[in-house]
Amino acid sequence: MTKTPPPAATDTPKPPMSPRRAFLSSLLVPGYAQTVFGRDRAAMLFAVIEVGSLGMARKAAQDLAEAKAFANDSIVATYKVDPNTGIAIVDPKTGLPVPDTYIASRFTPDRVKARRTHYEDWIAAILFNHLFSGADAYVAANLWDFKTNIGVVATPTSAGIYASLRLR
Numbered sequence: 005m006t007k008t009p010p011p012a013a014t015d016t017p018k019p020p021m022s023p024r025r026a027f028l029s030s031l032l033v034p035g036y037a038q039t040v041f042g043r044d045r046a047a048m049l050f051a052v053i054e055v056g057s058l059g060m061a062r063k064a065a066q067d068l069a070e071a072k073a074f075a076n077d078s079i080v081a082t083y084k085v086d087p088n089t090g091i092a093i094v095d096p097k098t099g100l101p102v103p104d105t106y107i108a109s110r111f112t113p114d115r116v117k118a119r120r121t122h123y124e125d126w127i128a129a130i131l132f133n134h135l136f137s138g139a140d141a142y143v144a145a146n147l148w149d150f151k152t153n154i155g156v157v158a159t160p161t162s163a164g165i166y167a168s169l170r171l172r
C-alpha cells in the first residue's frame with residue numbers, strides 16, 4: 005500500500021488578483037485593479053485623467069459637430085438698397101430684404117480639420133490612459149508582495165535618493 009504524502013503547507017499568501025486579470029480589469033476600467041492592491045492614489049490619478057479626458061472629448065466632439073454644421077454657411081453683410089430712397093429693397097414673394105453681399109463662414113475646411121484633430125487627440129488620451137492603467141496594474145500584480153519604499157530627498161546643498169526594503 006502506497007501512501008500519498010500530505011500536501012505541503014504554503015506559507016506564501018496568494019495575490020488578490022492575477023496579473024492577467026489585473027491588466028484586463030484596469031484596461032476596461034482604469035484604476036480598478038489599483039484599488040484592489042491598495043494603491044488608491046494611483047487609482048485616483050487614472051480615474052481623474054479618465055473623467056477629464058472624457059469631458060474634453062465630449063466638448064471636442066461638440067465643437068467638431070458645430071464646425072461641420074456651419075462649414076457651408078454664410079451671413080448677410082449688406083442688403084440691396086434703393087438708390088433713390090435709401091431703403092432696403094424687399095422681395096415681393098418673401099417680404100424680406102434682398103441680400104447684396106455675404107460674409108463667408110468662419111468654419112473653413114482648415115478649422116474643421118483642426119477640430120477633428122482635437123477630437124482625435126482626446127480619444128488617443130483616453131486610449132493611452134486605459135493602456136497605461138492596465139500596464140501599471142500588471143506590474144502591481146507582479147510586485148504585490150514586494151514592500152519597498154523609494155523616494156527622493158532634496159536638501160539645500162544636494163539631492164539624494166533613498167530606498168528601504170522590508171525583509172520577512
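For the sequence shown, the residue numbers in our numbering are 5 to 172. All residues carry an ideal CB built from backbone N, CA and C; glycine is no exception.
Using three-state DSSP, classify isoleucine 79 as helix, strand or coil. strand
Minimum C-alpha distance to valine 143 - residue among Phe41, Lys7, Thr8, Leu32: Phe41
Along the chain, where does the beta strand (DSSP E) containing phenylalanine 121 start, and where does it finish? Looking at the sequence provided, one finds threonine at residue 121 rather than phenylalanine. It is not in any beta strand (DSSP E) - threonine 121 instead sits in the alpha helix (DSSP H) that spans 113-146.
Span separating the alpha-carbon of lysine 151 from that of phenylalanine 27: 20 Å
Is the distance from the Cβ of leucine 68 to the Cβ of arginine 110 below 7 Å? no
If contacts are defined as beta-carbon pairs under 8 Å, then glutamate 54 and asparagine 133 qualify, I think. What distance do you get, rounded to the angstrom? 6 Å
How far does the alpha helix (DSSP H) with isoleucine 53 in it extend, from its first residue to its last? 44-73
Buried or exposed (CB count within 10 angstroms, at least 16 for buried), glutamine 66: exposed
From the DSSP output, in three-state form, read off threonine 161 for me. Under the three-state reduction of DSSP output, threonine 161 falls in the coil class, being neither helix nor strand.
In angstroms, rounded to a whole number, what distance separates the CA positions of aspartate 149 and proline 19? 8 Å
Apart from the five residues on each side of it in sequence, which residues of its chain come closer than 8 Å, Cβ to Cβ, to leucine 175? Outside the shown range of the chain, which is 5 to 172, sits residue 175, and nothing can be said about it.
Three-way DSSP call (helix, strand, coil) for threonine 39 in this model: Three-state DSSP puts threonine 39 in a helix.
I'd like the span of the alpha helix (DSSP H) that includes alanine 92, first residue to last. Run containing alanine 92: none; DSSP gives neither H nor E here.
Inter-residue spacing [alpha-carbon to alpha-carbon] between isoleucine 130 and aspartate 44: 20 Å
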